[in-house]
Amino acid sequence: MGVTGSGKTTVGQELAAVLHWPFFDADVFHSPANIAKMSSGIPLTDADRMPWLMAISEAINNCLGENQNAVFACSALKAAYRNILHLSESDVKLVYLQGDFNLLYRRLQQRQNHFMKPDMLRSQLDTLEEPTPQEALYVNVGQTLEAIVHHITTTLGL
Numbered sequence: 003m004g005v006t007g008s009g010k011t012t013v014g015q016e017l018a019a020v021l022h023w024p025f026f027d028a029d030v031f032h033s034p035a036n037i038a039k040m041s042s043g044i045p046l047t048d049a050d051r052m053p054w055l056m057a058i059s060e061a062i063n064n065c066l067g068e069n070q071n072a073v074f075a076c077s078a079l080k081a082a083y084r085n086i087l088h089l090s091e092s093d094v095k096l097v098y099l100q101g102d103f104n105l106l107y108r109r110l111q112q113r114q115n116h117f118m119k120p121d122m123l124r125s126q127l128d129t130l131e132e133p134t135p136q137e138a139l140y141v142n143v144g145q146t147l148e149a150i151v152h153h154i155t156t157t158l159g160l
């Protein structure tokens with residue numbers, strides 16, 4: 003989990019590749035209306051996010067039901083959103099990709115062909131309710147991708 007630009011997709015894909023697990027990017031669960039709204043620089047409301055969260059929740063639930071390990075990348079900005087995503091399950095581990103505003107903004111400026119624009123970072127940070135250290139593994143995204151993935155796999159015993 004983390005705000006836009008924190009590396010959720012990049013880290014998630016690399017982690018999934020290292021573990022040989024499937025990867026699910028929450029962005030593909032967004033409706034065309036949500037993508038159009040964000041592409042226009044309009045932050046999503048909780049009502050906009052609810053069908054998206056329910057679709058991700060269903061995908062996580064399917065993996066749990068099939069005893070299938072997987073990596074999901076999702077912003078999960080609020081505690082209420084995380085409650086929908088089965089994070090209370092003992093088999094679900096939350097990793098919080100955390101970085102400072104300047105680093106994240108620079109990353110967003112360099113990103114090509116993505117619906118989430120750099121100016122949306124502030125609204126995500128305003129919405130963000132950080133998980134407690136008991137709820138999530140905190141990871142500083144200022145490290146190399148390899149160091150981040152190594153930290154996650156080592157700390158979670160994967």
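Each residue of the sequence shown is one higher than the last, beginning at 3 in this note's numbering. Glycine included, C-beta positions come from ideal geometry on N, C-alpha and C. Bear in mind the structure is a predicted one, so any value in this text is a computation, not a measurement.
Rounded separation between residue i and residue j - CA only
i      : j      : result
Leu79  : Ala49  : 14 Å
Gly7   : Leu106 : 5 Å
Thr155 : Leu17  : 8 Å
Gln145 : Gly101 : 10 Å
Met122 : Asn104 : 13 Å
Ser42  : Arg109 : 19 Å
Asp93  : Met52  : 23 Å
Extent of the continuous beta strand (DSSP E) run through residue i
i      : result
Gln100 : 97-100
Three-state class that DSSP yields for residue i in the structure shown
i      : result
Asn142 : strand
Asp27  : strand
Ala75  : strand
Asp93  : coil
Glu62  : What sits at residue 62 in the sequence shown is Ile, not Glu. DSSP places Ile62 in helix when its eight states are reduced to three.
Thr47  : coil
Pro133 : coil
Met52  : helix
Met122 : helix
Asp160 : The amino acid occupying residue 160 in the given sequence is Leu; Asp does not appear at that position. Coil, per DSSP.
Residues of its chain near residue i, where Cβ-Cβ distance is below 7 Å and the 5 sequence neighbours each way are ignored
i     : result
Val20 : Val151, Thr155
Thr12 : Leu147
Extent of the continuous alpha helix (DSSP H) run through residue i
i      : result
Val151 : 147-157
Ala38  : 34-41
Val20  : 10-21
Ala82  : 81-86
Asn69  : Neither: Asn69 is in no alpha helix (DSSP H) and is coded neither H nor E.
Gln112 : 103-112
The ligand GTP heavy atom lying under 7 Å from the CB of residue i
i      : result
Ser125 : Of ligands this structure carries none, so the ligand GTP is not represented either.
Sequence-distant residues of its chain with Cβ nearer than 8 Å to residue i (five each side left out)
i     : result
Met56 : Ile86
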